[in-house]
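Only one structure is covered here, and it is reproduced in the block below.
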Amino acid sequence: MASVSTNTQAAYTFVWTVENFSRSIELEYFISPRFLVDWSEKIMFHLAFRAMDTKPYIDCVLGAGDDNTLKDVEINCELSLIDAKGRPLITKKGHRRPDQNYAYEFPSLVRKNALLKRVSEFLPNDTLTFRCSLWKAGMKVERPALCFGRSEVGNDSYFWPIERFSSLKVGQKKCFQLQPKLHVIPTLIVVLSLSSDGEYVQLEISCGNEEVYNDTKWEISLIDYEGKVFTCENWNWKCGYEREIHSFQKFVKKSTLMRKKNAYLPNDVLLFRCDCTRVMSEILFESQASDLKEKQRKVADHEDEDEEKALRRSRSVSVPNPCTTSRKSFSIEIEAEEIKPDENFFSHLKQDLTNILQDGSLSDIVLQAGTETFQAHRAVLGARSPVFKEMFQRDFEQIEKKVETLDLDAGVLRKLLLYIYTGIVEDLQWDVAVSLYTAATKYELIPLRDTCSKFLMGSLCISNACDTLVLIQHDEEKKKIIMQFFLDHGTDIIRSENWKIFRKCYPELASEIMEYIYLQKIDN
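Letter 229 of the sequence shown, counting from 1, is numbered 229 in full-length UniProt numbering, and no numbers are missing.
Shown next as structure tokens:
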């Protein structure tokens, strides 16, 4: 393949290493970490290539910001594949796309089979390295800038145990919200239920609206008692696209699970594993940023020096000299020791409150849910909840040692008390979040209500949209979001059994939804 070289010194050079390159073919689109070129204009660039394409070549693109970023800027660019010592193996000039002001193309950069034939050169340790050189037309290069970035293809796994699976009935739902360990992975919401005839386990999978800059590949599997996969499904979510909802209506037969209960349901637990193939990217070094930090450091050092001098002057104490009658005085510099607050105060307080909740020491009230009772403290409950405070003040004489809480089951009350005492909300599932949201609203625990609301909105899917709307209908902002969800997925929702029940129980809300969908379609 022909090589193109230039004698022009690059104003900015970006070196990008892609580790585990052989796995990049699992993802359709692969994007580098973004790097900032600080010329007279500040331009955020990124490189991208398609590896999963059926074409024999790897095509690359240099992208920048939006349509207008490079509209009036003439930039020259070259892209090279380099070996482990930085020597170019292939070099090509970029061409601005005729239909886009923000992208430069490097078509047919390298044949895929060429990479495989010359692995030791192109792919040492399965790492492909790009070098992108940029300079602006007419610009005099005084201080060339250099940036290093890396991307790595890797895997993350998450587990979801469904306890007491054999008792799951038609109409019941189990919801799992996967909170990713890394920001490069979108939040995953999985809703499990049985088909209307109870024959199949079905899954509905959606994801949050986080902005993610690389594709992700997913696989959800069922794991047996030996840790082996016995059924699975997979799908891809693309970056920059609205991520559709994936439904697996016949994921596995319930009878299959029950027939081999010892293998598939040990201790009546159905275990799911979610595997995600993702890209982790980072900027390792950026010389422009280093120059800026050096300038900031010098300014900061100068300011610190001035501040230290002023502080020393403020700490100087004038003491009269007893050996002379003159008005001269001398100064003694007293270094005042700074008293720092206890950094662990709140964690210690949280642990102390957890202890008195668990052991019931000094309790002066009992909360009852069904047959279970919980020792509690009026002062803590009243301090956290205006409703509890008013109740205790009003009924102080009548309430000696018991309060009936018939609207909560024991599990929900336990989580409610844990939040009141520590601020912790743990193991949140959809049905628990519904109960906690209702309790938080009743007892005016606003932060807890907001936490549950955020979880419910993040878990919004076709099977729970009706229930979520009923619960949050008085929050106008979130109601609009749910109405838009109905507009986007109206056909699937209206065909569901949930809609039929919802329409009978809440005819006004159902009518409002239909009117909203109708008007939106007319306007568009």
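Ideal Cβ placement from N, Cα and C applies to all residues, glycine included.
8 Å Cβ cutoff met for LYS287 and ALA145: Here residue 287 turns out to be Ser, not Lys, going by the sequence shown. Yes.
Which of helix, strand or coil DSSP assigns to LYS254: helix
Range covered by the beta strand (DSSP E) that runs through ILE90: Taken as a continuous stretch (DSSP letters only), the beta strand (DSSP E) holding ILE90 covers 88-93.
Cβ-based burial, VAL141 [other Cβ within 10 Å; buried from 16]: When all chains shown are included, VAL141 counts as exposed.
According to DSSP, residues forming a beta bridge with PRO161: LEU271
GLU121 vs ASN20 beta-carbon contact at 8 Å: no
Pairwise C-alpha distance: VAL279 and ILE90: 25 Å
Nearest-angstrom beta carbon gap, TYR57 and LYS92 [assumed within contact, 8 Å]: At roughly 11 Å, the Cβ-Cβ gap does not stay under 8 Å, so LYS92 and TYR57 are not in contact.
LEU11 to LYS136 span [Cα, whole Å]: The question names Leu, but residue 11 in the sequence shown is Ala. Going by the C-alpha atoms only, they are around 8 Å apart.
Inside the UniProt domain "BTB" (363-429) only - beta strand (DSSP E) runs reaching at least 3 residues: 365-369 and 372-376
Buried versus exposed call for GLU508 [16 or more other C-beta atoms within 10 Å across all chains shown]: exposed
Cβ-Cβ separation, LEU27 to ASN214 (assumed contact under 8 Å), whole Å: 7 Å
The segment 157-165 / the segment 261-275 touching (three or more Cβ pairs under 8 Å): Segments in contact, yes.
Sheet register partners of GLU282 (DSSP bridge): ARG150
Cβ pair LEU194, ILE205 closer than 8 Å: Contact check for LEU194 against ILE205 fails: the beta carbons are separated by 8 Å or more.
Proximal residues to VAL387 (C-beta, below 6 Å), its chain only, five neighbours per side dropped: TYR443 and GLU444
Buried or exposed by the 16-neighbour rule on C-beta atoms within 10 Å, applied to GLU41: exposed
Exposure label - VAL229; buried when at least 16 CB within 10 Å: exposed
Beta-carbon contacts of THR451 that lie in its chain and below 6 Å, excluding the five residues immediately before and after: VAL425
Range covered by the beta strand (DSSP E) that runs through CYS452: Residue range 446-458 is occupied by the alpha helix (DSSP H) that includes CYS452, with no beta strand (DSSP E) assigned at that position.
Outcome for ARG449 when other beta-carbon atoms lying within 10 angstroms are tallied against a minimum of 16: buried
Exposure label - SER385; buried when at least 16 CB within 10 Å: buried
Beta-carbon proximity check, CYS175 vs TRP430, cutoff 8 Å: yes
Buried versus exposed call for LEU464 [16 or more other C-beta atoms within 10 Å across all chains shown]: A small correction: the amino acid at residue 464 is Asn; Leu does not occupy that position in the sequence shown. With 16 or more Cβ atoms within 10 Å of its Cβ, ASN464 is classed as buried.
CB contact check: ILE501 to chain C, cutoff 8 Å: The chain inventory of the structure shown lacks chain C, comprising one protein chain alone.
C-beta contact flag for THR129 and LEU81 at 8 Å: yes
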